[in-house]
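Here's the structure we're looking at; comments come further down.
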Amino acid sequence: MPSVFVQGRPTAVYPPLAPEARRGSVRRVTEVGEEVLHKPCRDVTEFGPDLAALIDDMFRTMYVAEGAGLAANQVGVGLRLFVYDCPDDDGVRHVGHIVNPVLEHLEPAARRLLDEGEGCLSVPGATMAVPRPDRAVVRGLDKDGEPLVVEGNGYFARCLAHETDHVNGYVYLDRLSARDRKAALRQSADRRAEVFARRSANARALEEDSGGLTGSRA
Numbered sequence: 019m020p021s022v023f024v025q026g027r028p029t030a031v032y033p034p035l036a037p038e039a040r041r042g043s044v045r046r047v048t049e050v051g052e053e054v055l056h057k058p059c060r061d062v063t064e065f066g067p068d069l070a071a072l073i074d075d076m077f078r079t080m081y082v083a084e085g086a087g088l089a090a091n092q093v094g095v096g097l098r099l100f101v102y103d104c105p106d107d108d109g110v111r112h113v114g115h116i117v118n119p120v121l122e123h124l125e126p127a128a129r130r131l132l133d134e135g136e137g138c139l140s141v142p143g144a145t146m147a148v149p150r151p152d153r154a155v156v157r158g159l160d161k162d163g164e165p166l167v168v169e170g171n172g173y174f175a176r177c178l179a180h181e182t183d184h185v186n187g188y189v190y191l192d193r194l195s196a197r198d199r200k201a202a203l204r205q206s207a208d209r210r211a212e213v214f215a216r217r218s219a220n221a222r223a224l225e226e227d228s229g230g231l232t233g234s235r236a
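Note that our numbering has the sequence shown beginning at 19, numbered continuously upward.
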């Protein structure tokens, strides 16, 4: 099996960072409680250089923040769009973007729930167990308006479901009990300074093109 899939297609060779990140600029990551994260995003209806530039910025921001995925409303733009660079449970890397994503409903016989750790760049530093299906299929468009289907298993399926939640106006805290939600917010408060220090270091490293980022993007 190929080791990298880009836009759902196998790719023989691919750089450590998506080329979009080299063109983009770092944007501020919105945080839980900000209105843009808690309401459904608008469909993308215009395809062109502005959308491409937003995707470039989102890739760069995702890498700096050590994320496996990033939705447009996490950089303050209320559009149905996310980017990702995420491994699946077989060690295959998946990289790409998807516009106007819709998570396909899978029958229970075609999936099983995995209750595993999950974090979010908009809840910096917190990780909690969240049940998610071990398989996901997302349908949408690419930046040129062409139809796109992306499938994933394991951790990548979790990423696809998590990011589609974002464009629908939900954060992963919404899937937790009140007690676990409070615990996640406490974790975030305790680790916030450390997370932002790493992001600042990563932004400098990427700006200087010094060979990579300081942290893990798990």
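Cβ atoms here follow ideal geometry from the backbone N, Cα and C, with glycine treated the same way.
Span separating the alpha-carbon of residue i from that of residue j
| i | j | result |
| --- | --- | --- |
| V44 | L224 | 10 Å |
| V167 | L159 | 8 Å |
| G143 | G135 | 12 Å |
| C177 | F65 | 24 Å |
| H180 | E226 | 31 Å |
| H38 | V95 | Looking at the sequence itself, residue 38 is Glu, so the reference to His does not match. Rounded to the nearest angstrom, the two C-alpha atoms are 18 Å apart. |
| E164 | D208 | 43 Å |
| L194 | R204 | 14 Å |
| R23 | V110 | A small fix is needed here, since residue 23 is Phe in this sequence, not Arg. Looking at the two C-alpha atoms, the distance is approximately 8 Å. |
| P149 | L132 | 5 Å |
| V113 | F77 | 10 Å |
Helix, strand or coil at residue i [DSSP, three-state]
| i | result |
| --- | --- |
| N171 | strand |
| N220 | helix |
| R199 | helix |
| C177 | helix |
| P105 | strand |
| V156 | strand |
| A211 | helix |
| L131 | strand |
| L121 | strand |
| P126 | helix |
| V24 | strand |
| L191 | helix |
| V110 | coil |
| E225 | helix |
Residue span of the beta strand (DSSP E) that contains residue i, given as start and end
| i | result |
| --- | --- |
| V93 | Per DSSP, V93 belongs to no beta strand (DSSP E) and is neither H nor E. |
| A30 | Where A30 is concerned, there is no enclosing beta strand (DSSP E), given that its DSSP letter is neither H nor E. |
| V141 | Taken as a continuous stretch (DSSP letters only), V141 belongs to no beta strand (DSSP E), as it is neither H nor E. |
Burial state of residue i, where buried means 16 or more other Cβ atoms lie within 10 Å
| i | result |
| --- | --- |
| H123 | exposed |
| E52 | exposed |
| G229 | Confidence is the limiting factor: at G229 the pLDDT is only 49, short of 50, which leaves the residue's position unreliable and the question unanswerable from this model. |
| P28 | exposed |
| L88 | buried |
| T79 | buried |
| K161 | buried |
Test: residue i CB closer than 8 Å to a CB of chain B
| i | result |
| --- | --- |
| D68 | Looking for chain B here will not work: only one protein chain is present. |
Exercise for the section: Please list the segments of the alpha helix (DSSP H) lying wholly inside the region 34-75, counting only runs of 4 or more residues, in order along the chain. Expected result: 37-41
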